[in-house]
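Undergrad: Shown below is the structure under consideration.
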Amino acid sequence: MTPLATVPSKPTQTAKDYVPDVDVRWCPGCGDYAILSTIQKVFPTLGIPKENFVIVSGIGCSSRFPYYMNTYGFHSIHGRAPTFAMGIKIANPDLSVWVITGDGDGLSIGANHLMHLLRRNVDIKVLLFNNQIYGLTKGQYSPTSHIGHKTPTSPDGSIDHPIKPLSFALSAEASFVARTLDSNPKHMAEVFKAAARHRGTAFVEIMQNCVIYHDGAWTDVTDRSVRDDRLLHLEHGKPLIYGKNRNMGIRMEGTTPVIAKIGENAVTEDQFLVHDQQDPNSAYSYMLTQMNYPDFPTPVGVFRAVEGRVPYTDLLIEQVKSTIQQRGRGRLGDLLRGPSYWEVDDNNQISMKTDSPKPAAVTAPPAQTDGVEDEMRVMAELTEAERRVRKYPLLKVLGEPIGNALESRGTMNPLNFSVTDSVEQVICAFKDNHVNCILVLDEKDEMVGIVSERDVVMKVARKSMDRKSTPVEAIMTPNPVLLNDTATIGLAFNKFSIGRFRHMPIRRQDNSVGLISTTDLLFYLYDRVHDRKGSVPAGSLLDDE
Amino acid sequence: MEHSTMISTNDAPPVKRPPKELSTAVVRFAGDSGDGMQVVGDRFSDSSAIAGHDICTFPDYPAEIRAPVGTLPGVSAFQIHFGGNEVMTPGDEPNALVAMNPAALKMNLPDLAPKGLLVVNTSQFTEGNLKKARYETSPLDDPALDANYQVIRVDLSGLTETALKDSGLKRADKVRCKNFFALGMIYWTYDRSLESTLEWINAKWASKPQVAQANGDVLKAGYYFGETSELIGDRYTVQRAKIPKGLYRKISGNEALAIGLVAASHCSQIDIVYGSYPITPASDILKYLSAYKNYNVKTVQAEDEIAAIGVALGASFAGALGVTGTSGPGLCLKSEALGFAVMTELPLVVVNVQRGGPSTGLPTKVEQADLLQAMFGRNGESPVAIVAASSPSDCFDTAIEAARIALTYNTPVILMSDSYIAMGSEPWRIPSVNDLDEIHVRHVLPTKPRKVYERDEDTLARQLAIPGTPQLEHQIGGLEKNEEGSVSYDPDNHERMVGLRIAKVERIARTLPPTEIMGNPQGKVLVLGWGSTRGAIISAVKRLQEQGSSVSCVHLRYLNPLPQDLGEILSRFKTVLMPEMNMGQLNMMIRSRYLIDTVSYTRVRGRPFLIRDLVDRIETLL
Chain B
2 MTPLATVPSK PTQTAKDYVP DVDVRWCPGC GDYAILSTIQ KVFPTLGIPK ENFVIVSGIG
62 CSSRFPYYMN TYGFHSIHGR APTFAMGIKI ANPDLSVWVI TGDGDGLSIG ANHLMHLLRR
122 NVDIKVLLFN NQIYGLTKGQ YSPTSHIGHK TPTSPDGSID HPIKPLSFAL SAEASFVART
182 LDSNPKHMAE VFKAAARHRG TAFVEIMQNC VIYHDGAWTD VTDRSVRDDR LLHLEHGKPL
242 IYGKNRNMGI RMEGTTPVIA KIGENAVTED QFLVHDQQDP NSAYSYMLTQ MNYPDFPTPV
302 GVFRAVEGRV PYTDLLIEQV KSTIQQRGRG RLGDLLRGPS YWEVDDNNQI SMKTDSPKPA
362 AVTAPPAQTD GVEDEMRVMA ELTEAERRVR KYPLLKVLGE PIGNALESRG TMNPLNFSVT
422 DSVEQVICAF KDNHVNCILV LDEKDEMVGI VSERDVVMKV ARKSMDRKST PVEAIMTPNP
482 VLLNDTATIG LAFNKFSIGR FRHMPIRRQD NSVGLISTTD LLFYLYDRVH DRKGSVPAGS
542 LLDDE
Chain S
19 MEHSTMISTN DAPPVKRPPK ELSTAVVRFA GDSGDGMQVV GDRFSDSSAI AGHDICTFPD
79 YPAEIRAPVG TLPGVSAFQI HFGGNEVMTP GDEPNALVAM NPAALKMNLP DLAPKGLLVV
139 NTSQFTEGNL KKARYETSPL DDPALDANYQ VIRVDLSGLT ETALKDSGLK RADKVRCKNF
199 FALGMIYWTY DRSLESTLEW INAKWASKPQ VAQANGDVLK AGYYFGETSE LIGDRYTVQR
259 AKIPKGLYRK ISGNEALAIG LVAASHCSQI DIVYGSYPIT PASDILKYLS AYKNYNVKTV
319 QAEDEIAAIG VALGASFAGA LGVTGTSGPG LCLKSEALGF AVMTELPLVV VNVQRGGPST
379 GLPTKVEQAD LLQAMFGRNG ESPVAIVAAS SPSDCFDTAI EAARIALTYN TPVILMSDSY
439 IAMGSEPWRI PSVNDLDEIH VRHVLPTKPR KVYERDEDTL ARQLAIPGTP QLEHQIGGLE
499 KNEEGSVSYD PDNHERMVGL RIAKVERIAR TLPPTEIMGN PQGKVLVLGW GSTRGAIISA
559 VKRLQEQGSS VSCVHLRYLN PLPQDLGEIL SRFKTVLMPE MNMGQLNMMI RSRYLIDTVS
619 YTRVRGRPFL IRDLVDRIET LL
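If you want it as structure tokens, here you go:
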């Protein structure tokens with residue numbers, strides 16, 4: 002018998018897992034490349050199964066992002082990504098949902114949705130690529146373009162006052178607000194990780210360069226030669242200090258922040274503001290979002306990360322749970338009947354009914370009361386065993402004959418070999434037919450053993466053996482545990498778990514032999530839960546009352 | 019002896035005339051928005067149903083929540099048709115009208131049947147109220163009124179106050195009960211038991227016994243007033259309907275639709291996520307569903323119509339069935355996302371409870387003028403399935419059917435309802451849960467690599483892999499894709515995918531039941547309708563069939579695709595008449611599809627068809 006090896010622990014994810022086999026079609030030199038590769042490095046570190054990531058985007062250059070990530074992706078319509086993301090998160094709160102948007106997509110056509118996502122604090126991460134330009138439509142000014150910005154649609158300079166993305170987010174009561182820059186992957190990675198850790202909507206503005214239509218959008222603060230003096234790195238609990246010589250800082254004069262230099266006018270470090278990203282009052286972080294070069298250094302890092310506001314989906318799930326607690330899991334029959342209804346009898350006589358408690362006396366058998374049966378009453382009539390099956394319908398499946406599972410998911414006519422066939426033949430058969438277990442028959446065509454992939458691995462791969470001359474008899478598992486197809490699925494599970502093997506021959510009424518594996522059984526259970534043939538409702542799997 | 023004189027023949031009370039028997043009757047309550055007309059209408063409907071009548075109701079109220087008291091725009095009305103035959107419309111004209119003030123009289127008197135019963139609340143016929151209703155002299159003084167109708171002048175406010183003089187209520191609270199006085203009088207007129215209404219009153223104001231007592235007393239006072247005052251000349255008993263054995267309830271279209279969606283979730287074992295933005299007359303669907311959180315339903319009141327459909331479609335991508343509900347103006351806003359649903363081939367149900375348009379139009383009035391918008395209101399070749407409900411209770415079955423199509427074919431489905439059936443109600447035989455058909459949904463399992471646009475051979479539906487399933491990571495979006503799911507601008511591929519999306523929707527026709535013809539399968543005239551006109555059309559056609567006319571009717575639930583047998587059926591009739599509450603939208607579709615010379619009969623008056631109008635129109639073709 003092939004012993005069941007210890008289950009290998011899930012292989013660690015790597016950035017490579019997130020790189021799909023497609024050509025990235027952003028312009029050479031685009032800031033998006035750095036953001037993409039940072040995300041591909043950060044995702045494997047988050048401890049989230051790869052299949053649980055969903056990336057949702059709208060329209061724009063940045064919104065092509067989902068196609069360049071080997072995760073579930075939803076490239077939606079202009080500005081509406083937050084709405085789709087919210088629907089995804091509501092339908093399955095276990096998913097890690099990331100919205101990729103830009104200054105046009107997120108702050109112009111989709112600003113309304115972004116605002117409502119933030120105020121609801123849905124547990125979704127929003128990365129806004131801000132390059133102050135419409136790239137995909139070839140260079141028109143955007144809601145973050147500066148006054149005077151000349152573009153094809155503002156030949157005399159933009160007269161639109163720009164919006165500050167982080168100020169916008171805070172005014173929508175955002176619980177997590179941060180800024181990072183495409184030219185600093187390390188910084189980006191830290192900010193993305195902080196965003197991922199946050200429970201609630203995390204909003205990240207990325208200062209991103211558009212090499213074609215707005216090259217150098219941020220170089221006045223991000224260029225290597227000036228960045229130390231023009232960027233203010235925010236660190237929780239640390240004073241607001243910046244500058245090549247770490248001697249500049251921000252302090253308050255009345256209600257106004259001002260720049261001060263250590264040593265000048267008796268300024269000392271302890272006069273500087275100390276960064277508090279957890280301040281429940283958003284006034285302080287709002288003040289930071291209003292500070293920009295050239296009047297101030299431009300702050301980067303986490304501005305605000307306030308935990309404790311329960312995310313929207315948690316509140317929704319809580320309402321669902323408490324409704325179930327108060328009223329019980331809904332029974333369709335009750336809903337169809339409504340609070341008041343009436344009964345018409347054979348003589349066209351009418352009697353009013355209301356939802357008042359039913360009399361305990363049972364006059365009709367449950368089978369005849371169908372959709373409007375009082376399930377509680379029926380339950381009371383059943384034996385304990387019947388009750389258990391009703392409560393935990395999977396038990397019912399365990400009582401079914403294994404033949405059902407064999408027919409639906411198992412191998413009805415497995416490949417078979419004679420005891421004298423060579424090991425090489427069997428290995429080739431595995432490879433060519435995509436099977437992982439075969440039967441071995443003697444000269445009377447009676448089954449005498451089986452060979453599984455594990456047999457091959459354990460008994461062939463390790464030994465020096467001439468596969469062409471060695472008969473399969475040498476590596477087969479002789480006289481495997483066998484069940485008739487009338488045996489229950491429960492018994493099959495029992496055999497699998499005691500014997501620690503993964504394949505089992507099943508003898509049918511006509512004496513022919515099929516094969517069933519543990520995987521087949523799992524799929525069969527899954528099918529039964531989902532197709533309800535024989536009424537095993539999916540919800541009941543989760544019923545823990 | 020004094021006793022003997024009291025019963026002497028001379029002084030004997032008049033012998034009560036026996037009530038007249040009617041097959042059906044129509045009653046309308048009309049008053050100011052604040053007069054509680056919808057409440058008494060509802061009570062009358064319930065007690066009618068319980069008394070064994072078939073019923074059909076028509077609440078008709080203004081778009082303004084509280085227009086100035088006593089004015090014409092502030093009039094709110096409730097009409098109910100009840101009786102022994104199958105009642106399929108709220109009735110062409112009321113046999114009895116209660117008018118609580120001059121404005122209500124002015125708005126509703128033209129509809130009252132000749133010699134009909136008219137109860138007016140004289141206490142409201144003050145100079146000021148007459149002026150608000152734009153009467154120069156009191157209509158109650160016009161001798162023509164008594165010549166044409168059976169007029170009962172009652173001081174409803176005064177009598178109600180008198181009945182409650184010992185109740186301890188404040189004067190304003192006493193007067194507020196006057197709607198129940200009117201209801202009591204109508205109950206007496208139609209020989210109706212008070213029992214179920216008294217029960218309702220006690221349950222409704224269980225926490226305010228004083229109010230319950232007052233309303234109950236006033237109801238009785240109205241009833242006894244009818245009995246003792248002898249003002250009302252004739253009493254009526256209306257025939258009971260022959261109703262098949264079973265359990266019944268009264269249901270409105272919006273509630274039936276909400277319950278239908280829950281039932282669809284039960285049948286498919288797929289959760290419902292309902293995203294919606296409040297809009298008349300669809301808001302109640304969200305109201306109902308948000309109370310069903312223990313039925314695998316999640317609801318979101320979204321920030322706008324676009325977000326509502328976005329939430330729904332996102333949920334569908336994640337494995338639920340997304341549903342969004344709206345009315346015409348909202349459907350305009352959802353157009354782009356609807357096209358996106360077509361492109362991504364995800365299941366989605368969009369409920370459009372139609373109202374008068376264009377633009378804000380007539381928010382509380384009925385019209386069915388969004389059909390071509392549903393068919394074509396998107397950019398590109400963008401086919402969606404369309405189904406239409408034809409009565410309040412039919413909203414239940416149509417909702418399940420819409421969900422079945424959406425989940426089977428992974429396609430958006432537009433479900434057309436309208437304000438008339440959404441707000442109207444009728445008795446509904448409660449179906450058995452066990453009789454509902456299963457909706458078979460199977461998502462792709464993580465067993466083997468598959469193509470994103472791999473299709474089921476029968477349905478052509480794209481097979482869905484749900485986020486959270488290992489090994490099936492993929493991306494979909496609004497850009498055209500090839501079968502593998504990669505973005506493709508290849509001309510051949512685009513042409514093939516456009517064709518496949520259309521063919522998929524056409525495939526739905528294969529699973530539709532045969533089209534039912536009411537009447538002979540061939541003849542002179544076929545009346546072809548869809549949506550809420552069903553009741554009026556069937557009633558008119560039946561009336562003519564009883565007179566021996568060669569007329570039949572077909573009523574469509576499936577508008578896209580149309581049933582496969584429809585063309586052949588249409589060819590068997592000399593003339594096809596198509597009544598619609600629009601300017602001939604289905605007519606345009608039928609003419610272009612079957613190349614036949616149909617006759618269009620259109621009404622856009624914000625009101626349902628009258629049976630007699632249909633009868634007259636059909637007769638011109640016979």
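These protein sequences, in sequence, are chains B and S.
The opening position of the first sequence corresponds to residue 2 in this note's numbering, with each subsequent residue numbered one higher.
The opening position of the second sequence corresponds to residue 19 in this note's numbering, with each subsequent residue numbered one higher.
Think of the CB as a built atom: it goes at the ideal place given N, C-alpha and C, for glycine as much as any other residue.
In terms of alpha-carbon separation, which member of B:L182, B:I517, B:E344 lies closest to C31 of chain B?
TA: The residue with the shortest Cα to Cα distance from C31 of chain B is B:L182.
Undergrad: I'd like to know if R468 of chain B contacts chain S, where contact means its C-beta is closer than 9 Å to some C-beta of that chain.
TA: Closer than 9 Å: no.
Undergrad: Should H147 of chain B go down as buried or exposed, given a rule of 16 or more other Cβ atoms within 10 Å for buried?
TA: Classification for H147 of chain B: exposed.
Undergrad: Which stretch, first to last residue, makes up the alpha helix (DSSP H) that contains L37 of chain B?
TA: Counting along the chain, the alpha helix (DSSP H) containing L37 of chain B begins and ends at 33-43.
Undergrad: Beta strand (DSSP E) containing W343 of chain B: first to last residue?
TA: It spans 341-345 - the beta strand (DSSP E) in which W343 of chain B sits, taken as one unbroken run.
Undergrad: Near Q426 of chain B, what residues of its chain come up, given a Cβ to Cβ distance below 8 Å and the 5 sequence neighbours on each side ignored?
TA: Here the set comprises F418, V473.
Undergrad: Determine the closest residue to V105 of chain S out of S:E217, S:K150, S:S66, with distance taken between C-alpha atoms.
TA: The shortest C-alpha separation from V105 of chain S is found at S:S66.
Undergrad: Sorted by chain position, which residues of the same chain lie with C-beta nearer than 8 Å to M596 of chain S's C-beta, five sequence neighbours on each side aside?
TA: Correct list, in chain order: V545, L546, G547, G602, L604, N605, I608, T616, V617, S618, Y619.
Undergrad: Which bits of chain B does D455 of chain S rub up against, with CB to CB less than 9 Å?
TA: Those do not exist, as D455 of chain S stays about 11 Å from chain B at its closest Cβ, beyond 9 Å.
Undergrad: Rounded C-beta distance between E363 of chain S and R480 of chain S? I'm assuming under 8 Å.
TA: Correct: roughly 4 Å between the Cβ atoms.
Undergrad: Suppose only complete runs of 4+ residues qualify. What are the alpha helix (DSSP H) ranges in the stretch 42-107 of chain B, listed by chain order?
TA: List check, alpha helix (DSSP H) in window: 82-92.
Undergrad: Hey, P281 of chain B and V123 of chain B are a contact pair by Cβ (cut 8 Å); roughly how many whole angstroms apart?
TA: Contact flag wrong, Cβ pair sits at about 20 Å.
Undergrad: Entirely within the stretch 234-288 of chain B and at least 3 residues each: give me those beta strand (DSSP E) ranges in chain order.
TA: The stretch 234-288 of chain B contains these whole beta strand (DSSP E) runs: 249-254, 257-262.
Undergrad: Kindly indicate which residue of B:L289, B:I60, B:L316, B:R228 has the alpha-carbon position closest to the one of T257 of chain B.
TA: Considering only alpha carbons, the answer is B:L289.
Undergrad: Output the boundary residues of the beta strand (DSSP E) element that contains F394 of chain S.
TA: Where F394 of chain S is concerned, there is no enclosing beta strand (DSSP E), although the alpha helix (DSSP H) it sits in stretches over 389-394.
Undergrad: What distance in whole Å lies between the Cβ atoms of F76 of chain S and Q56 of chain S, which are believed to be in contact at a cut-off of 8 Å?
TA: Not a contact, Cβ separation roughly 11 Å.
Undergrad: When you compare the CB of R267 of chain S with every CB in chain B, is at least one pair closer than 9 Å?
TA: Output row for R267 of chain S: interface = yes.
Undergrad: Can you tell me whether DSSP reads P166 of chain B as helix, strand or coil?
TA: DSSP places P166 of chain B in helix when its eight states are reduced to three.
Undergrad: Can you check whether the C-beta of E206 of chain B is within less than 9 Å of a C-beta belonging to chain S?
TA: Not one chain S Cβ lies under 9 Å of E206 of chain B.
Undergrad: Name the residues in the stretch 279-300 of chain S whose C-beta lies less than 8 Å from a C-beta of chain B; which are they?
TA: Those would be V280, A281, H284, Q287, D289, V291, G293, in chain order.
Undergrad: Could you name the residues that DSSP lists as bridge partners for A117 of chain S?
TA: For A117 of chain S, which the question treats as bridged, DSSP gives the partners S:A48, S:V138.
Undergrad: So who's on the other strand from F96 of chain S, going by DSSP bridges?
TA: F96 of chain S pairs with S:F47, S:P77.
Undergrad: Based on the DSSP output, what are the partners of T355 of chain B in its beta bridges?
TA: Per DSSP, B:S341.
Undergrad: Which residues in chain S sit within 9 Å of S77 of chain B, going by Cβ to Cβ distance?
TA: Under the 9 Å cutoff, chain S gives G328, L331, G332, A355, F358, T362, G495, G496.
Undergrad: Kindly list, in the order they appear in chain C, the residues whose Cβ is closer than 9 Å to that of A165 of chain S.
TA: Any reference to chain C falls outside this structure, whose protein chains are B and S.
Undergrad: Could you check whether V459 of chain S and Q287 of chain S sit closer than 9 Å to each other, using their CB atoms as the reference points?
TA: Yes. Within cutoff.
Undergrad: When the cut-off is 9 Å and only beta carbons count, does W27 of chain B lie next to chain S?
TA: Chain S, which has no Cβ nearer than 9 Å to the Cβ of W27 of chain B, makes this no.
Undergrad: Whose Cβ in chain S lies nearer than 9 Å to the Cβ of I40 of chain B?
TA: Chain S residues near I40 of chain B: none, gap ~15 Å exceeds 9 Å.
Undergrad: What is the residue span of the beta strand (DSSP E) that D436 of chain S lies within?
TA: 430-436 is the extent of the beta strand (DSSP E) around D436 of chain S.
Undergrad: By Cβ distance, which residues of its chain are closer than 6 Å to M355 of chain B, with the 5 residues on each side in sequence left out?
TA: In the sequence on display, residue 355 of chain B carries Thr and not Met. S341, listed in sequence order.
Undergrad: Report the residue from S:E501, S:E637, S:T638, S:P445 whose alpha carbon sits nearest the alpha carbon of V470 of chain S.
TA: When only C-alpha atoms are compared, the closest one is S:E501.
Undergrad: If we ignore side chains and look at the alpha-carbon of each, how far apart do S176 of chain B and Q279 of chain B end up?
TA: Distance between the alpha carbons of S176 of chain B and Q279 of chain B: 9 Å.
Undergrad: For the 8 Å Cβ check, are there 3 or more pairs between the stretch 168-182 of chain S and the stretch 146-153 of chain S?
TA: Touching, no, given that fewer than three Cβ pairs across the two stretches are closer than 8 Å.
Undergrad: Of all the options B:S283, B:M249, B:F66, which has the alpha carbon lying nearest to the alpha carbon of E270 of chain B?
TA: When only C-alpha atoms are compared, the closest one is B:M249.
Undergrad: Could you have a look at E206 of chain B and say whether DSSP puts it in helix, strand or coil?
TA: Of the three classes helix, strand and coil, the one that applies to E206 of chain B here is strand, per DSSP.
Undergrad: If you scan the stretch 480-536 of chain B from start to end, which runs of the alpha helix (DSSP H) of 4 or more residues do you find wholly inside it?
TA: Taking only runs of at least 4 residues, the alpha helix (DSSP H) segments lying wholly in the stretch 480-536 of chain B are 490-500, 519-532.
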